[in-house]
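Peer 1: For the record, in the sequence shown the residue sitting at position 203 is 203 according to UniProt numbering, with numbers rising by one throughout.
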Amino acid sequence: MDKYYLRLLGSVSNSRGLTLQFKEQPPLSPVPIPLSNTQDPQKFLLLSTEVETLLTKRAVEEVPVSSIDSGFYSRLFLVSKKTGGMRPVIDLFISTLYDYSHFKMETNRSIRASILPDCSSSCPRKLKNVLADALSRTLTPVNTEAWELSTISYRSAISRTIQLSGGPDFGNNEFISLLVKNFTLERPRQRVLIPSWNLSLVLSALKNHPFEPAEKVEIKFLSYKCCFLLALASGRRRSEIHAFSTADYCLRFNRDKSSVTLLTDPAFLAKNQIPGRGSEPIVIPALPVDSSSKVLCPIRVLLLYLQRTQSLRTSSNSRLFIPINKGKQDLSVKTISSWICKTIQLAYSFSNEELLNSMHIKAHDVRAISTSWALFNNASLEEVLSAGFWRTENSFISHYLQSLATQAQSLYSLGPLVSAQRVVFPPASSGSGDSALC
1 MDKYYLRLLG
11 SVSNSRGLTL
21 QFKEQPPLSP
31 VPIPLSNTQD
41 PQKFLLLSTE
51 VETLLTKRAV
61 EEVPVSSIDS
71 GFYSRLFLVS
81 KKTGGMRPVI
91 DLFISTLYDY
101 SHFKMETNRS
111 IRASILPDCS
121 SSCPRKLKNV
131 LADALSRTLT
141 PVNTEAWELS
151 TISYRSAISR
161 TIQLSGGPDF
171 GNNEFISLLV
181 KNFTLERPRQ
191 RVLIPSWNLS
201 LVLSALKNHP
211 FEPAEKVEIK
221 FLSYKCCFLL
231 ALASGRRRSE
241 IHAFSTADYC
251 LRFNRDKSSV
261 TLLTDPAFLA
271 KNQIPGRGSE
281 PIVIPALPVD
291 SSSKVLCPIR
301 VLLLYLQRTQ
311 SLRTSSNSRL
321 FIPINKGKQD
331 LSVKTISSWI
341 CKTIQLAYSF
351 SNEELLNSMH
361 IKAHDVRAIS
371 TSWALFNNAS
381 LEEVLSAGFW
391 RTENSFISHY
401 LQSLATQAQS
411 LYSLGPLVSA
421 QRVVFPPASS
431 GSGDSALC
């Protein structure tokens with residue numbers, strides 16, 4: 001018995017099947033072949049062991065000959081090969097569906113020709129039911145593993161793959177949709193209302209070694225700091241930060257360096273940007289010169305970053321952030337995420353490394369904290385949506401809005417900060433509640 005066949009037979013058996021009527025009897029044995037018919041003792045032993053394994057795994061079940069009705073019991077549809085033996089065409093289990101393109105056209109024609117005309121119209125419907133049932137049984141065990149609904153809903157990826165292969169579209173299957181909806185009711189999405197890490201702790205670390213003095217520190221740490229502060233000051237996605245450009249029309253400082261206007265590369269299209277419409281400018285203000293937190297001013301750090309990386313830049317790459325590793329010509333969006341996460345990790349390694357090991361840090365958290373901190377400090381919802389480049393408030397409120405009441409006092413103690421394209425000044429009295437979530 002071929003290993004290839006054993007792998008297919010070893011799959012979990014289908015509880016439903018597909019019946020096809022043939023003009024002639026297919027080249028399959030109409031009755032089970034007893035193992036005792038195998039003459040070679042060594043092959044008989046191997047075959048018996050394999051069958052016992054399949055029985056143990058419940059991949060096959062023993063059926064008494066007396067109870068067998070007329071018909072064929074294999075899940076595999078086979079056709080004869082010219083060189084002898086059999087060729088598997090389709091396995092009705094979802095994970096082993098074969099693409100007809102793997103077989104010769106003559107084989108495909110012979111298969112289609114062997115099906116009675118009056119049966120062909122009902123075959124797609126029956127096959128669709130079999131595959132839908134298999135897909136639902138694929139998703140259900142995933143739900144029991146307590147995975148997120150977004151992970152469980154990868155049915156769209158499976159559906160698209162099957163559809164491109166000429167199969168049915170399960171994206172609109174009512175049964176599958178109801179199943180996923182039931183998962184939502186059983187395990188509703190858990191909102192994250194409080195940041196998993198402390199912004200004031202990270203900003204305090206950015207005021208000291210190895211991030212300062214910015215004029216002398218390693219380019220690596222200056223890159224980390226500049227990237228983090230721009231993410232906080234802009235409130236934009238990592239992909240947009242990655243697309244910032246040093247071209248004259250994309251990077252403009254005010255004469256007195258009191259602000260900088262940033263635009264993404266014209267070739268870049270934001271996640272929710274309408275094609276044909278240019279990107280909206282991002283205006284980041286500077287902190288007051290006499291501010292106690294001036295070392296956290298994004299304009300100051302950006303100017304130093306541009307000055308110190310000028311000799312490292314090439315005419316072929318106008319990207320604002322450049323690789324810190326030698327030999328690399330460009331960096332990816334993942335690198336931007338990595339820099340932001342490493343900044344947070346470094347800050348915690350100086351003060352609370354034990355807590356760092358228990359945290360799940362995501363670069364996207366900076367975007368949520370930036371916009372939430374602006375809203376907490378009396379920015380209007382329209383201003384926050386504009387800063388984060390959201391078209392409606394649903395995305396911000398459902399996925400990004402967080403309470404920063406527990407961090408407010410420590411953040412105010414740092415002095416003015418730039419968050420979501422505005423300077424946030426400590427209030428005269430900071431004992432108020434969480435204005436963003438009251």
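Just so you know, even glycine gets a beta-carbon here, dropped at the ideal spot from N, CA and C.
Remember, it's a predicted structure, so these values are computed and weren't measured experimentally.
#1: Please report how far the alpha carbon of R252 lies from the alpha carbon of K181, in whole angstroms.
#2: Classify D330: buried if its beta carbon has 16 or more other beta carbons within 10 angstroms, exposed otherwise.
#3: Where N272 and L263 are concerned, what is the direct C-alpha to C-alpha distance, given to the nearest angstrom?
#4: Answer with buried or exposed for K328, where buried requires no fewer than 16 other C-beta atoms within 10 angstroms of its C-beta.
#5: Output the distance between the C-alpha atoms of L116 and E52, rounded to the nearest integer angstrom.
#6: So is N377 buried or exposed if we call it buried at 16+ other beta carbons inside 10 Å?
#7: Where does L92 fall in DSSP's three states?
#8: Considering only the beta carbon of each residue, do K225 and T343 sit closer than 8 Å?
#9: From P124 to T56, what does the alpha carbon distance come to, in whole angstroms?
#10: Quick check: the segment 391-410 against the segment 189-201, are there 3 or more CB pairs under 8 Å?
#11: Please report the Cβ distance between I419 and A233, rounded to the nearest whole angstrom; I am assuming they are in contact, meaning their Cβ atoms lie under 8 Å.
#12: Considering only their Cβ atoms, is the gap separating G415 from S292 smaller than 8 Å?
#13: Would you mind working out which of S204, S196, D248 and T246 sits nearest Y412, comparing C-alpha positions?
#14: So the candidates are V217, F244 and R300; which of them puts its Cα closest to the Cα of L287?
#15: Decide if G235 is buried, meaning its Cβ has at least 16 other Cβ atoms within 10 Å, or exposed.
#16: Label A379 either buried or exposed according to how many other C-beta atoms from any shown protein chain fall within 10 Å of its C-beta, with 16 as the threshold for buried.
#17: Excluding five sequence neighbours on each side, which residues of the same chain lie with their C-beta closer than 6 Å to the C-beta of I369?
#18: Exposed or buried, which one is residue 461 when buried takes at least 16 other CB atoms within 10 Å?
#19: Reducing DSSP to helix, strand and coil, say where T406 ends up.
#20: Distance check for L385 and T392, CA to CA, integer angstroms please.
#21: Which residue marks the beginning of the beta strand (DSSP E) containing S259, and which one marks its end?
#22: Whose C-beta lies closer than 6 Å to the C-beta of T246 among residues of the same chain, with five residues either side of it excluded?
#23: Quick one: Cα of S239 to Cα of A267, how far?
#24: Roughly how many angstroms separate the alpha carbons of V295 and S311, rounded to a whole number?
#25: Per the DSSP calculation, R422 is bridged to which residue(s)?
#26: Taking L375 as the reference, give the member of K334, N357, A347 and V423 with the closest Cα.
#27: Answer yes or no: do S358 and Q402 have a C-beta to C-beta separation smaller than 8 Å?
#28: Between the Cα of D365 and the Cα atoms of E382, L404 and S349, which residue gives the shortest distance?
#29: I'd like to check one pair, I284 with V260: are the Cβ atoms closer than 8 Å?
#30: Should L222 and L304 be called a contact, given that it needs their Cβ atoms to be closer than 8 Å?
#31: Leaving aside the five residues before and after A243 along the sequence, list all residues of the same chain whose C-beta is less than 6 Å from its C-beta, in chain order.
#32: Given a cut-off of 8 Å on the beta-carbon distance, is the pair C227 and I336 in contact?
#33: Measuring only the C-alpha atoms, how far is R237 from L229?
#34: Which whole-angstrom value describes the C-beta separation of A347 and L201, a residue pair presumed to lie in contact below a C-beta threshold of 8 Å?
#35: Which one or two residues does DSSP pair with V333 in a beta bridge?
Peer 2: This is what the structure holds:
#1: Translated into positions along the sequence shown, residue 252 becomes position 252. Translated into positions along the sequence shown, residue 181 becomes position 181. If I take the Cα positions, the gap works out to 49 Å.
#2: By 1-based counting over the sequence shown, the position of residue 330 is 330. Counting Cβ neighbours within 10 Å, D330 comes out exposed, since fewer than 16 surround it.
#3: Residue numbering aside, residue 272 sits at position 272 when the sequence shown is read from its first letter. Residue numbering aside, residue 263 sits at position 263 when the sequence shown is read from its first letter. Roughly 16 Å between the two C-alpha positions.
#4: Position 328 of the sequence shown holds residue 328. Exposed.
#5: Counted from its first residue, the sequence shown places residue 116 at position 116. Counted from its first residue, the sequence shown places residue 52 at position 52. Legend: pLDDT at L116 = 46, less than 50; position of this residue unreliable, value from coordinates given subsequently. Between the alpha carbons of L116 and E52 lies a distance of about 37 Å.
#6: Here residue 377 refers to the residue found at position 377 when the sequence shown is read from its first residue. Classification for N377: buried.
#7: Taking the sequence shown and counting its residues from 1, one reaches residue 92 at position 92. Because the pLDDT of L92 is 42, which lies under 50, any placement of that residue in the model is unreliable, and the number read from its coordinates should be weighed accordingly. Here L92 sits in coil by DSSP.
#8: Here residue 225 is taken as the residue at index 225 of the sequence shown, counted from 1. Here residue 343 is taken as the residue at index 343 of the sequence shown, counted from 1. Contact: yes.
#9: By 1-based counting over the sequence shown, the position of residue 124 is 124. By 1-based counting over the sequence shown, the position of residue 56 is 56. In this predicted model, P124 has a pLDDT of only 43, less than 50, meaning its place in the structure is not dependable enough to derive any value.
#10: yes
#11: Locating residue 419 in the sequence shown gives position 419, where the first residue counts as 1. Locating residue 233 in the sequence shown gives position 233, where the first residue counts as 1. The sequence given here has Ser at residue 419, not Ile. Contact holds; Cβ gap of about 7 Å.
#12: The count along the sequence shown starts at 1 and reaches residue 292 at position 292. The count along the sequence shown starts at 1 and reaches residue 415 at position 415. A contact, by the Cβ cut-off of 8 Å.
#13: Translated into the one-based positions of the sequence shown, residue 412 becomes position 412. The shortest C-alpha separation from Y412 is found at S204.
#14: Here residue 287 corresponds to residue number 287 of the sequence shown, with the count starting at 1. The shortest Cα separation from L287 among V217, F244 and R300 belongs to R300.
#15: For the purposes of this step, residue 235 is taken as residue 235 along the sequence shown, with counting starting at 1. That one is buried.
#16: Residue mapping note: residue 379 aligns to position 379 of the sequence shown, counting from 1. Under this definition A379 is a buried residue.
#17: Here the question's residue 369 lines up with position 369 in the sequence shown. The residues are P195 and L199.
#18: Lying before the first or after the last residue shown, residue 461 is absent from the chain, which here runs from 1 to 438.
#19: Start at 1 with the first residue of the sequence shown, and residue 406 comes out as number 406. If DSSP states are grouped into helix, strand and coil, T406 belongs with coil.
#20: Taking the first residue of the sequence shown as position 1, residue 392 is located at position 392. Taking the first residue of the sequence shown as position 1, residue 385 is located at position 385. Separation of T392 and L385 (C-alpha to C-alpha, rounded to the nearest whole angstrom) is 7 Å.
#21: Residue mapping note: residue 259 aligns to position 259 of the sequence shown, counting from 1. S259 to L262 is the span of the beta strand (DSSP E), which, as asked, contains S259.
#22: What you label residue 246 is simply residue 246 of the sequence shown in a count that begins at 1. If we look at T246 and ignore the five residues flanking it on each side, its Cβ neighbours are S318 and L320.
#23: As a working mapping, residue 239 is identified with position 239 in the sequence shown. As a working mapping, residue 267 is identified with position 267 in the sequence shown. Each residue's Cα considered, the two are about 13 Å apart.
#24: In the sequence shown, residue 295 corresponds to position 295, counting from 1. In the sequence shown, residue 311 corresponds to position 311, counting from 1. Rounded to the nearest angstrom, the two C-alpha atoms are 24 Å apart.
#25: To locate residue 422, count along the sequence shown from 1; it is residue 422. Bridge partners of R422: S419.
#26: As a first step, residue 375 must be located in the sequence shown, where it is residue number 375. The option with the nearest alpha carbon to L375 is V423.
#27: Against the sequence shown, residue 358 aligns to sequence position 358. Against the sequence shown, residue 402 aligns to sequence position 402. No, the Cβ-Cβ distance between S358 and Q402 is not below 8 Å.
#28: For the purposes of this step, residue 365 is identified with residue 365 of the sequence shown, where counting begins at 1. It is L404.
#29: In the sequence shown, the residue the question calls residue 260 occupies position 260. In the sequence shown, the residue the question calls residue 284 occupies position 284. Closer than 8 Å, so yes.
#30: Numbered from 1 along the sequence shown, position 222 holds the residue referred to as residue 222. Numbered from 1 along the sequence shown, position 304 holds the residue referred to as residue 304. Yes, these two residues count as a Cβ contact at 8 Å.
#31: Numbered from 1 along the sequence shown, position 243 holds the residue referred to as residue 243. So the qualifying residues of the chain are T264, D265 and F268.
#32: To locate residue 227, count along the sequence shown from 1; it is residue 227. To locate residue 336, count along the sequence shown from 1; it is residue 336. Result yes, Cβ atoms of C227 and I336 sit closer than 8 Å.
#33: Taking the first residue of the sequence shown as 1, we reach residue 237 at position 237. Taking the first residue of the sequence shown as 1, we reach residue 229 at position 229. Looking at the two C-alpha atoms, the distance is approximately 13 Å.
#34: To locate residue 347, count along the sequence shown from 1; it is residue 347. To locate residue 201, count along the sequence shown from 1; it is residue 201. Their Cβ separation, rounded to whole angstroms, is 6 Å, which keeps A347 and L201 in contact under 8 Å.
#35: If you number the sequence shown from 1, residue 333 lands on position 333. Within the DSSP secondary-structure output, V333 pairs in no beta bridge.
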